[in-house]
Amino acid sequence: MKHIDNNYDDIEFGKILKSVQPEAGKNEWFTRKVMNRLPEKQRHGLGWLMPMALTVSLIICLAGWVYFLQNLNMNVILVRDVVSLVALFAVTIVVIWQFLHALFVAD
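Take -4 as the starting number for the sequence shown in this note's numbering and just add one per residue.
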């Protein structure tokens, strides 16, 4: 019951504050003036680093797939082969996902 009374008191207190509060003036230039006074967005000088790292990662993944497929013996499949396949597949998916994210989503 006390919780309900507190809630009712909070609502009443909020109404009192809103009734005492002065109205804000209408100024359509306010937003533009504020935005013009904000500092410019800082540009990072290392914008080329992420695409370069992703390109190198894709090349390394491609080399890993070529090496894996050349050394795969289809007559005998070892646990090492399965673990390598799963790890290589997971890393390739993450690198491709990051590459596509950087290409289409990032600003």
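Ideal placement from N, C-alpha and C gives every residue a C-beta, glycine not left out.
Here the structure is a predicted model, which means the values were calculated and not measured.
Enclosing alpha helix (DSSP H) for residue i [first to last residue]
i, result
"G117", "The shown model of the chain, from -4 to 102, leaves out residue 117, and the question about it has no answer."
"V74", "74 to 99"
Residue-level contact to chain E via CB, residue i, 8 Å cutoff
i, result
"E35", "The chain inventory of the structure shown lacks chain E, comprising one protein chain alone."
Closest by C-alpha distance to residue i, when choosing among the options
i, options, result
"L95", "D4, E7, M45, P34", "M45"
"I91", "D4, S52, D5", "S52"
"C56", "A97, N31, A85, T26", "A85"
"W60", "W43, L73, N70, V81", "V81"
For residue j and residue i, believed in contact at Cβ under 8 Å, the rounded distance
i, j, result
"L83", "F99", "At roughly 24 Å, the Cβ-Cβ gap does not stay under 8 Å, so L83 and F99 are not in contact."
"A97", "L49", "6 Å"
Burial state of residue i (16 or more Cβ within 10 Å)
i, result
"I88", "exposed"
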